Amino acid sequence: MNLRLQKIDKWDEGKIRELIDFKKKMQNHLPTFLPEDIKDYKKILHPDSAFSDDYQWVGFFIYHEEILVAQAILSWRKTSKVGHIGFIDWINNKDVALFLVKEIESFSRNKGFFELKTPIDVNFFIRYRIQSFSSGPAYFGEPIYPAYYHELFVSSGFDVIGTWDTYLLKRYSSFINFLKKRKKREKRKLAHDHAVKIRSVNLKKWDEELRIVFDLFINSFKEMPEFDPISFEQFKLIYDDFKYIIHPLTSFIVEFKGVPVGFSINYPDPLHLLRSIKGQPLNNWQKICLFIRLRLNFKTFLIPYMGKVTAPEGEEIKGLMVKLSKKLSLPVLLCRRTLICYQSPESPSRRPIDPELLTHYAQYVLYGKKLE
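For the sequence shown, position 232 matches number 232 in this note's numbering, and the numbering has no gaps at all.
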């Protein structure tokens with residue numbers, strides 16, 4: 001094939017719009033695809049973005065007979081020698097995929113990189129991983145790409161370097177299990193019980209609550225293999241809109257002697273509501289109606305973010321996850337199904353749950369390649 005490469009190393013609105021259009025062409029049929037616009041990319045890639053001081057990026061566009069057939073953005077933290085290949089899309093053609101990857105590898109070696117990871121859109125907080133298996137309907141935020149992308153990653157020399165799982169919680173069995181163990185748990189007083197308080201997230205103080213969650217996020221996940229530091233300003237850019245989808249009665253902050261030590265951010269899945277207005281401009285009344293529908297939505301309950309840190313004195317707080325699971329019993333019963341999302345093999349949010357109450361629902365992988 002006669003393939004041609006075009007690179008950009010700075011913001012070019014015309015090329016970014018081309019990237020958006022090609023992504024839509026490749027992914028529009030996917031159940032999780034929602035329209036994007038130039039403002040979404042300005043948040044991440046523009047010179048005035050909160051990410052610009054910490055990250056550099058280069059865009060790769062591959063053409064065949066002047067038709068775009070593959071694209072990706074290679075990004076890296078300025079202090080790192082690991083490249084992240086993200087915003088990646090390509091037609092189902094191994095020659096095209098290999099051409100794109102070889103061009104990225106050549107550039108990366110000249111930069112002194114020793115490893116490439118994909119798919120990661122700049123930082124793992126933004127978007128990373130790719131679904132490799134699922135036994136049920138998709139949910140909001142799930143990293144789904146066309147199935148043939150896996151074959152193209154493997155044929156281009158990438159190997160799986162990380163896996164995560166989503167589990168379906170057996171609705172009635174888990175509630176019955178909770179009732180059976182309730183009295184036993186009440187009798188088993190733990191040393192920290194008197195000092196632990198679990199409270200709902202206060203949406204009226206969203207910025208303050210987001211700051212608390214940010215600090216807990218960073219300290220909970222900093223040991224993860226793919227963890228990449230992030231500033232509060234960057235974190236806020238990514239998660240600020242979550243104030244519209246999380247439910248204040250199902251998201252919690254845990255305090256020990258008044259100090260935040262844990263969190264559980266959960267929400268009813270908004271995907272079916274967002275897809276119903278896909279690409280439609282909304283007036284103020286329609287936005288109000290959508291917000292109400294989001295608040296009354298109890299179709300699928302998602303438990304995607306849960307973590308804890310040690311007490312201020314460095315002491316491990318026992319039973320914190322068990323207490324959180326008790327708080328979640330009611331929404332689990334009310335919703336038609338509950339998914340515990342993106343669990344790593346050692347995820348703390350999975351440990352207090354009886355394995356017999358879980359069904360494997362989906363798996364996600366990350367690909368990587370060492371550069372010689």
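Backbone N, C-alpha and C define an ideal beta-carbon position, used for all residues, glycine too.
Owing to the predicted nature of the structure, the values given are computational and were not obtained by experimental measurement.
**Prompt:** Going by beta carbon distance, what residues of the same chain come within less than 7 Å of Phe-298, once the five residues before and after it are set aside?
**Reply:** Numbered from its first residue, the sequence shown carries residue 298 at position 298. Closer than 7 Å at the Cβ level, and outside the excluded window around Phe-298, lie Pro-268, Leu-334, Cys-335.
**Asked** In chain order, what residues of the same chain lie with their CB nearer than 8 Å to the CB of Ile-91, ignoring the 5 residues before and after it?
**Response** Position 91 of the sequence shown, counting from 1, holds the residue named residue 91. Here the set comprises Met-26, Val-69, Ala-70.
**Request:** Would you tell me roughly how many angstroms separate the C-alpha atoms of Gly-368 and Lys-236, rounded to the nearest one?
**Result:** The residue given as residue 368 occupies position 368 in the sequence shown. The residue given as residue 236 occupies position 236 in the sequence shown. So the alpha carbons of these two residues sit roughly 28 Å apart.
**Prompt:** How about Phe-256 and Phe-263: do their beta carbons lie closer than 9 Å?
**Reply:** In the sequence shown, counting from the first residue as 1, residue 256 sits at position 256. In the sequence shown, counting from the first residue as 1, residue 263 sits at position 263. For the pair Phe-256 and Phe-263, the CB atoms are not nearer than the 9 Å cut-off.
**Prompt:** Which of the three DSSP states, helix, strand or coil, is assigned to Tyr-139?
**Reply:** Stepping through the sequence shown from its first residue, residue 139 is reached at position 139. In the three-state reduction of the DSSP assignment, Tyr-139 falls in the coil class.
**Message:** Among the candidates Tyr-244, Phe-33, Tyr-41, whose CA atom is the shortest distance from the CA of Lys-15?
**Reply:** Your numbering for residue 15 matches position 15 in the sequence shown. A check of alpha carbon separations from Lys-15 across Tyr-244, Phe-33, Tyr-41 identifies Tyr-41 as the nearest.
**Asked** In terms of residues, what are the limits of the alpha helix (DSSP H) holding Gly-83?
**Response** Within the sequence shown, the letter at position 83 stands for residue 83. Taken as a continuous stretch (DSSP letters only), Gly-83 belongs to no alpha helix (DSSP H), being part of the beta strand (DSSP E) at 82-90.
**Item:** Spatial distance of Leu-98 from Glu-151 (CA atoms)
**Value:** Locating residue 98 in the sequence shown gives position 98, counting from the first residue. Locating residue 151 in the sequence shown gives position 151, counting from the first residue. Roughly 11 Å between the two C-alpha positions.
**Prompt:** Is the Cβ-Cβ distance between Lys-117 and Ile-85 less than 9 Å?
**Reply:** Your numbering for residue 117 matches position 117 in the sequence shown. Your numbering for residue 85 matches position 85 in the sequence shown. Taking 9 Å as the Cβ cut-off, Lys-117 and Ile-85 qualify as a contacting pair.
**Prompt:** Considering only C-alpha positions, which residue in the set Lys-78, Arg-129, Ser-134, Pro-119 is nearest to Gly-112?
**Reply:** Residue 112 sits at position 112 when you count from the first residue of the sequence shown. Selected option, being the one with the closest Cα: Lys-78.
**Request:** Excluding the 5 residues preceding and the 5 following Tyr-128 in the sequence, name in chain order all residues of the same chain whose CB lies nearer than 6 Å to its CB.
**Result:** Counting from one through the sequence shown, the residue named residue 128 turns up at place 128. The answer, listed in chain order, is Ile-120.
**Asked** Leu-5: which of Glu-13, Val-58, Glu-36 sits nearest, CA to CA?
**Response** For the purposes of this step, residue 5 is taken as residue 5 along the sequence shown, with counting starting at 1. With distances taken between Cα atoms, Leu-5 lies closest to Val-58.
**Request:** Take Thr-250 and list the residues in its own chain whose beta-carbon comes closer than 6 Å to its own, dropping the five residues that flank it on each side.
**Result:** In the sequence shown, the residue the question calls residue 250 occupies position 250. If you ignore the 5 residues before and after Thr-250, its C-beta comes within less than 6 Å of the C-beta of Asn-266, Pro-331, all in its own chain and listed in chain order.
**Request:** List the endpoints of the continuous alpha helix (DSSP H) containing Phe-214.
**Result:** Numbered from its first residue, the sequence shown carries residue 214 at position 214. Judged by DSSP secondary structure, Phe-214 falls within the alpha helix (DSSP H) whose first and last residues are 206-221.
**Item:** Residue ranges of each alpha helix (DSSP H) within the stretch 21-82, 4 or longer
**Value:** Complete alpha helix (DSSP H) runs here, min 4: 38-45.
**Identity of the residues DSSP links to Ala-362 by a beta bridge** = As a position in the sequence shown, residue 362 is number 362, starting the count at 1. In DSSP, Ala-362 forms a bridge with Ser-134, Thr-166.
**Request:** Please classify Gly-307: is it buried, with 16 or more other beta-carbons within 10 angstroms of its beta-carbon, or exposed?
**Result:** On the sequence shown, position 307 is the one that residue 307 refers to. Classification for Gly-307: buried.
**Message:** Helix, strand or coil for Tyr-342? Go by DSSP, reduced to three states.
**Reply:** Position 342 of the sequence shown, counted from the first residue, corresponds to residue 342. The DSSP-derived three-state label of Tyr-342 is strand.
**Asked** What is the residue span of the alpha helix (DSSP H) that Asn-284 lies within?
**Response** Here the question's residue 284 lines up with position 284 in the sequence shown. Boundaries of the alpha helix (DSSP H) harbouring Asn-284: 284-295, taken from the DSSP string.
**Message:** Quick check: the Cα distance between Tyr-55 and Leu-45, rounded to an integer number of angstroms?
**Reply:** Taking the sequence shown and counting its residues from 1, the one referred to as residue 55 is at position 55. Taking the sequence shown and counting its residues from 1, the one referred to as residue 45 is at position 45. A direct Cα-to-Cα measurement between Tyr-55 and Leu-45 gives close to 9 Å.
**Request:** Report yes if the C-beta distance between Thr-32 and Ala-138 is below 9 Å; otherwise report no.
**Result:** Mapped onto the sequence shown, residue 32 falls at position 32. Mapped onto the sequence shown, residue 138 falls at position 138. Contact check for Thr-32 against Ala-138 passes: the beta carbons are separated by less than 9 Å.
**Request:** Indicate whether at least one CB of chain D lies closer than 9 Å to the CB of Leu-168.
**Result:** In the structure shown, chain D does not exist; there is a single protein chain.
**Asked** Do Phe-60 and Ala-72 have their C-beta atoms within less than 9 Å of each other?
**Response** Position 60 of the sequence shown holds residue 60. Position 72 of the sequence shown holds residue 72. Yes, the Cβ-Cβ distance between Phe-60 and Ala-72 is below 9 Å.
**Asked** Cα-Cα, which of Asp-240, Lys-197, Leu-328, Trp-164 is closest to Tyr-364?
**Response** By 1-based counting over the sequence shown, the position of residue 364 is 364. Nearest option by C-alpha distance: Trp-164.
**Asked** How big is the Cα-Cα spacing for Phe-242 and Pro-248?
**Response** Looking up residue 242 in the sequence shown gives position 242. Looking up residue 248 in the sequence shown gives position 248. Cα to Cα, the separation comes out at about 11 Å.
**Asked** For Gln-280, which of helix, strand or coil comes out of DSSP?
**Response** As a working mapping, residue 280 is identified with position 280 in the sequence shown. Coil, per DSSP.
**Asked** When you compare each of Gly-258, Ser-135, Asn-2, Ile-277 to Arg-410 by their alpha carbons, which one comes out closest?
**Response** The requested residue 410 is not part of the displayed model; the chain covers only 1 to 372.
**Message:** Less than 9 Å between the C-beta atoms of Gly-136 and Tyr-361, yes or no?
**Reply:** Sequence index remark: in the sequence shown, residue 136 carries index 136 (1-based). Sequence index remark: in the sequence shown, residue 361 carries index 361 (1-based). Against a cut-off of 9 Å, the Cβ pair of Tyr-361 and Gly-136 comes out as a contact.
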